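Working notes, beginning with the structure itself.
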Amino acid sequence: MLLVIDANVLVGELLRVRGRELFEKSILQLHISEEAFDEALHEMSRRAGRIVEQGRASRQAADAMLDEARGIVERRITPVPSEVYAGFEERAAYRMLRDPNDVPTVALALALGGDEGRCGIWTNDGDFLGCGLPTWTTDTLLAHLRYGEREQR
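Here the sequence shown is numbered in the working numbering, starting from 725 and rising by one per residue.
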């Protein structure tokens, strides 16, 4: 299953056990735009610092969580340089009128899967709805994968 990951999913799910387990599923071929990747790494570090400040984890535990998250990213997620999808950004911009920061994610999905929707977008951001490509929230993706596993038994 070919998917482009939005930054909100990468940040939110890599900081959860459920998400880290989901990222390890070999059926998922995961890619992320260069811009979303940079944003996600910055935000993950910021959120880990906030978790420590709130007393929800020690600095050592937060650093271990970040190390585990970085390991998953290195093993399972392909950051894609902007040169790969730059030619699709104008088309993507017409599909993403509400948030221009999301254009690279849509452009990458178009570059990898075309207008036919062979590549979906994994996001929890409603701005992607109606962009003309398949969108998966974390919950719908989990349900889809559970159903597929059930069908294989």
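Backbone N, C-alpha and C define an ideal beta-carbon position, used for all residues, glycine too.
Note that the structure is predicted; figures quoted are calculated from it, not measured.
1) For residue 828, does the three-state DSSP call read helix, strand or coil?
2) For my contact list, residue 756 and residue 804 are in at a C-beta cut-off of 8 Å; report their separation, rounded to the angstrom.
3) Can you tell which of 872, 780 and 793 has the C-alpha that lies nearest to the C-alpha of residue 761?
4) Under a Cβ-count criterion, where at least 16 other Cβ atoms within 10 Å of its own Cβ denotes burial, should residue 853 be classed as buried or exposed?
5) Do residue 847 and residue 733 have their beta-carbon atoms positioned less than 8 Å apart in this structure?
6) When the Cα of residue 837 is compared with those of 869, 789 and 859, which residue comes out closest?
7) If you drop the 5 nearest sequence neighbours on each side, which residues of the same chain put their C-beta closer than 8 Å to that of residue 744?
8) Return the CA-CA distance between residue 873 and residue 801, expressed in angstroms with no decimal places.
9) I think residue 866 touches residue 754, with their Cβ atoms under 8 Å apart; what is that distance to the nearest whole Å?
10) Which runs of the alpha helix (DSSP H), 4 residues or longer, sit entirely within the region 749-812?
Based on what the coordinates show:
1) helix
2) 7 Å
3) 793
4) exposed
5) yes
6) 859
7) 737, 738, 792, 793 and 796
8) 22 Å
9) Actually they are not in contact, since the Cβ atoms of residue 866 and residue 754 sit about 15 Å apart, beyond 8 Å.
10) 758-777, 783-800 and 806-809
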